[in-house]
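Novice:
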Amino acid sequence: MLNDNKMKEKENGEHYCLGVESTADDFSVGISTFDGEILANIISAYVPSERGIHPREAARHHGEVANKVLENAFKKARIKPRDLSIISFSQGPGLGPCLRTGATVARALASYLGIPLVGINHCVAHIEIGKLKTDTKDPVTLYVSGGNTIVSAFDSGRYRVFGETLDIALGNCLDVFAREAGLHQRVDEPFGAVVEKIAAKGKKLIHLPYTVKGMDMSFSGLLTAAINLLKRGEYKLEDLCYSLQETVFSMVTEVTERALAHTEKKEVLLTGGVAANKRLQSRIKAIAKEHDAKFRVMPREFAVDNGAMIAWTGVLAHTHGIVTPIEESFVRLRWRLEEVEIPWMK
Ligand code: AMP
Ligand code: MG
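Read in order, the letters of the sequence shown correspond to residues 6 to 351 in the numbering used here.
1. Check each residue's C-beta against every heavy atom of ligand 1 and list, in chain order, those closer than 5 Å.
2. Among all the DSSP beta bridges, which residues are the ones paired with MET222?
3. Along the chain, which unbroken stretches of the alpha helix (DSSP H) at least 4 residues long are found entirely within the region 107-160?
4. Who are the near neighbours of SER223 in its chain, counting only those whose CB is closer than 6 Å to its CB and skipping five residues on each side?
5. Helix or strand or just coil, what does DSSP make of PHE254?
6. Give a yes or no on contact between the region 312-320 and the region 184-193, applying the rule of three or more CB pairs nearer than 8 Å.
7. Please classify LEU210 as buried or exposed, where buried requires at least 16 neighbouring CB atoms within 10 angstroms.
8. With 7 Å as the threshold, decide whether the Cβ of ALA231 is near any Cβ in chain D.
9. Return the Cβ separation of TYR149 and ALA231 in integer angstroms, given the expectation that the two are a contact with Cβ distance under 8 Å.
10. Does the distance from the C-beta atom of VAL192 to that of VAL302 stay below 7 Å?
11. Less than 8 Å between the CB atoms is what I'm expecting for PHE307 and LYS138, so what's the real figure, rounded?
12. Give every residue of the same chain whose Cβ lies closer than 7 Å to the Cβ of CYS103, excluding the five residues on either side of it in the sequence, and list them in chain order.
13. With distances taken from CA atoms, which of VAL34, PRO121 and VAL260 is nearest ILE91?
14. Could you have a look at GLU343 and say whether DSSP puts it in helix, strand or coil?
15. Can you give the Cα-Cα distance for LEU188 and ARG284, rounded to whole angstroms?
16. Given that a residue counts as buried once 16 or more other Cβ atoms are within 10 Å of its Cβ, and exposed if not, what is GLY99?
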């Protein structure tokens, strides 16, 4: 039964969207009102044991925690499943088994409740929650995470990709290096943060391959070079971490600055798990200042993969006429940001 308050809200037309995120190592459920108030954002991170994310193991984690995460989200939001108006889910890009687990949860909920399902592009969602939470309207976005490295900005109906990685993501580069160096991560201190701490003690800048081709970046050669130097044992780990950070951050900073100069946008948004890095923040802040642009960084809760961003983008999409029929709700492992039309941006 709905309590009196909720009953009133429903009568007054209060609407909620529940969003499911499961593209990679995190399973998360968020609940947003149609006005963009985030009522819940519950994240369960899968921490891989040794060799990095194994898609099937991460998917098993998602399946195991889904029930509890959903329950906690409803508790936090203080609403019942029957109060929901729409269900949205991360339809891609991401790891197949992980995406499928989230999609299954979302489909089951939507069909059980008899409400519309909306498939959301994960990268679009990072940008939309960024705009919502930092009060930016039309930024150049640098999205750097464990799975993505993308510099984008809105133009002619879509978020265009100005630059991206040609191979691995920046966060993944830091993670693999940290693992090779025998470092340990925790849920509250991921590898990137461990590298950041050690890098703060580094002083010597060691030459590593710097690869920017046009507007795109490559991190895998650099990673191999850094690991080789690590194994040779000639350098201090702190100097290697420092040099690795400086080199990869210089690359993304260069590409972001060129996108900013080209588009002449007046805002820069830094998001994704790597956005937590203070050194990266100061580099991007500096170029924003040079171009008279406002710099905004996402708070960690909404910078990492999270269900709230899927819920909020679900609201935007659905209120602009987008529905994903169940039979078309297959997951899209390589769904590119610029393929998505953005009718809510004019
Ligand atoms: P996400 O893929 O958005 O969930 O973010 C996870 C990525 O962010 C991983 O590659 C982490 O190592 C990275 N990360 C988290 N905190 C930091 C930090 N302080 N500095 C650099 N990378 C970080
Ligand atoms: Mg993650």
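Built from N, CA and C at the ideal position, the CB exists for glycine as well.
Remember, it's a predicted structure, so these values are computed and weren't measured experimentally.
Specialist: On the basis of the supplied data:
1. SER150, GLY151, GLY176, ASP180, PRO195, PHE196, GLY197, ALA198, GLU201, GLY277, GLY278, VAL279, ALA281, ASN282, VAL309 and ASP310
2. THR170 and VAL217
3. 127-139
4. LEU171, ASP172 and THR216
5. helix
6. no
7. exposed
8. Note that chain D does not occur in the displayed structure, where there is just one protein chain.
9. For the sequence presented, residue 149 should be read as Val rather than Tyr. Actually they are not in contact, since the Cβ atoms of VAL149 and ALA231 sit about 17 Å apart, beyond 8 Å.
10. no
11. 5 Å
12. SER27, THR28, ALA29, PRO60, ALA63, ALA64 and HIS67
13. PRO121
14. helix
15. 20 Å
16. buried
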